[in-house]
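A short worksheet on the structure shown next.
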Amino acid sequence: MQEPIPFQVDLDYVSLSGLRWGKGHRTPVLAMHGWLDNCQSFCRIAPMLAEACDLDIWAIDLVGHGHSGHRPKGSYYHIWDNVIDMALLMDAQGWEQVDLLGHSMGAGVATLMAGAMPDRVGRVGLIEGLGPLSTSAEESPQQLTQAIGRYKLQTYKTPPCYTCVEEAAEARMRGIGEISYDAAFPLAERGTRRDEEGWRWRSDARLRIPSPVRLTEVQIYSFCEAIKAPTQLIVGDHGFLVNRENTRLRKERVADIEQLVLPGNHHLHLEPGTAIAVADALKDFWQKS
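Residue numbers for the sequence shown follow full-length UniProt numbering, so the first one is 1 and each next one is one higher.
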């Protein structure tokens, strides 16, 4: 099975890094990971998909994550900024159209991108995500207040330091969406760097500050309604989305979507025991005419 090819693309304001699987015979697939993860999120399913479907998969470290650059000082992290990043990446690479594969936050980015750029997106695979987190109009002032408070505290926080990558992986196991060591290690391996004191996460500390502003559910519905591409949504039976009302309401607004509930947790595509089933489902989706 093909080893991934590292890449870096420099935009005007930031560099994007990641890993690529495939030989470029078909439309590129932009694979986008979840919050505080990195492109190694796709290390189990991307090789299988690329080989079986002859796909050209570009798994991106989203800005502020992994080996990609951080946003300039004074900038913040809004989910729609990632859509602009991906659009500029497409232009830099000369891609008129791409397919999308997203997990969690990356699935939220894919949803917004497919709705905002429907003529440039051919197919959308979503894992444990359909649209981003939302905040009601009434709660928007509180959301901004919370972000201001967290931003003021950020300068007083010292990033955790670990004695080895393995210790960082063990810490990631206890993070949001608890995962096994076998799933956490690839994320820690790419997501940490070594300094004179030990191993630290590469991710930008500002990613932990709550978004100052979020879209409302009604706004997210509009993005869902604008999606033209065939879409597949995969959720884990022990994940975050199963039986959620807002997932059902969003899904009803996507014209061409199928949903599969598979065994697994929020990272079912990265867990060794469940990744093959996810890959098989995505293979069937990409092989449909």
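Beta carbons are placed, not taken as given, at the ideal position from N, Cα and C, and that holds for glycine. For clarity, every value in this text was computed on a predicted model and none was experimentally measured.
(request) Determine the DSSP secondary structure at Leu153, reduced to helix, strand or coil. (result) In the structure shown, Leu153 sits in a helix (DSSP, three-state: H, G or I).
(message) Given this structure, state the Cα-to-Cα distance separating Asp54 from Arg206, to the nearest angstrom.
(response) Annotation: Asp54 to Arg206 spans about 37 Å, alpha carbon to alpha carbon.
(message) I need the boundaries of the beta strand (DSSP E) containing Phe223, first residue and last residue.
(response) Per DSSP, Phe223 lies in no beta strand (DSSP E) segment; the continuous alpha helix (DSSP H) that holds it begins and ends at Glu217 to Ala226.
(request) Assuming Arg250 contacts Gly131 (C-beta within less than 8 Å), just tell me the rounded distance between them. (result) Contact between Arg250 and Gly131 holds: their C-beta atoms lie close to 5 Å from each other, under 8 Å.
(request) Note the first and the last residue of the continuous beta strand (DSSP E) segment covering Ala31. (result) From DSSP, the beta strand (DSSP E) with Ala31 extends over Pro28 to Met32.
(message) If you reduce the DSSP assignment to three classes, tell me which class Tyr181 lands in.
(response) Here Tyr181 sits in helix by DSSP.
(request) Assign Ile176 to one of three DSSP states: helix, strand, or coil. (result) Three-state result, Ile176: coil.
(request) Rounded to whole angstroms, what's the CA-CA distance from Ala114 to Val98? Just pull it up for me. (result) Between Ala114 and Val98, the C-alpha separation is close to 10 Å.
(request) Answer yes if the stretch 167 to 182 comes into contact with the stretch 132 to 152, meaning at least three C-beta pairs across the two stretches below 8 Å, and no otherwise. (result) Cβ pair count under 8 Å is below three, so no.
(request) Determine the burial state of Pro213: buried for a count of at least 16 other Cβ atoms within 10 Å of its Cβ, exposed for fewer. (result) The amino acid at residue 213 is misidentified as Pro; the sequence shows Val. Under the 10 Å beta carbon count, Val213 is surrounded by fewer than 16 other beta carbons and is classified as exposed.
(message) Helix, strand or coil, according to DSSP, for Arg190 in the structure here?
(response) In the three-state scheme derived from DSSP, where H, G and I count as helix and E and B as strand, Arg190 is classed as helix.
(request) May I ask you to list the residues that DSSP assigns as paired with Pro6? (result) Per DSSP, Leu19.
(request) Measure the CB-CB distance between Val83 and Leu112 and report whether it falls below 8 Å. (result) Yes, the Cβ-Cβ distance between Val83 and Leu112 is below 8 Å.
(request) Determine the closest residue to Asp81 out of Gly106, Ile57 and Pro47, with distance taken between C-alpha atoms. (result) Comparing Cα positions, the closest option is Gly106.
(request) Figure out for me which residue from Leu268, Thr247 and Thr216 has the closest Cα to the Cα of residue 304. (result) Nothing can be reported for residue 304: it is not among the residues displayed for the chain, which extend from 1 to 289.
(request) Assign Pro28 to buried or exposed, taking buried as 16 or more other Cβ atoms, counted over all protein chains shown, within 10 Å of its Cβ. (result) Classification for Pro28: buried.
(request) Inspect the beta-carbon positions of Glu225 and Ser134 and report whether they are closer than 8 Å. (result) The Cβ-Cβ distance between Glu225 and Ser134 does not fall below 8 Å.
(request) Please say whether Gly24 and Asp56 have beta carbons closer to each other than 8 Å? (result) Yes, they are a contact pair.
(request) Report yes or no: do three or more beta-carbon pairs, one from the stretch 258 to 274 and one from the stretch 34 to 44, lie closer than 8 Å? (result) Three or more beta-carbon pairs separated by less than 8 Å link the stretch 258 to 274 to the stretch 34 to 44, which places the two stretches in contact.
(request) Tell me the start and end of each unbroken alpha helix (DSSP H) in the stretch 33 to 61 that is at least 4 residues and wholly inside, in chain order. (result) Taken in chain order, the complete alpha helix (DSSP H) segments of 4 or more residues contained in the stretch 33 to 61 are 45 to 53.
(request) Determine the direct distance from the alpha carbon of Leu62 to that of Lys283, and round the result to whole angstroms. (result) Computed Cα separation, rounded: 24 Å.
(request) Return the chain-ordered list of same chain residues with a C-beta closer than 7 Å to the C-beta of Ile60, the five sequence neighbours on each side being excluded. (result) So the qualifying residues of the chain are Leu16, Gly18, Leu30, Ala31, Met32 and Cys39.
(message) At the level of alpha carbons, what is the spacing between Tyr76 and Met86?
(response) Here the C-alpha atom of Tyr76 lies approximately 17 Å from the C-alpha atom of Met86.
(message) Taking 8 Å as the cut-off, does the stretch 42 to 49 touch the stretch 7 to 16 (at least 3 CB pairs, one atom from each stretch)?
(response) They do not touch, by the three-pair rule.
(request) Express the C-alpha separation of Asp195 and Leu260 in angstroms, rounding to a whole number. (result) Their Cα atoms are separated by approximately 43 Å.
(request) Compute the Euclidean distance between the alpha carbons of Ile220 and Gly22, then round it to the nearest angstrom. (result) If I take the Cα positions, the gap works out to 32 Å.
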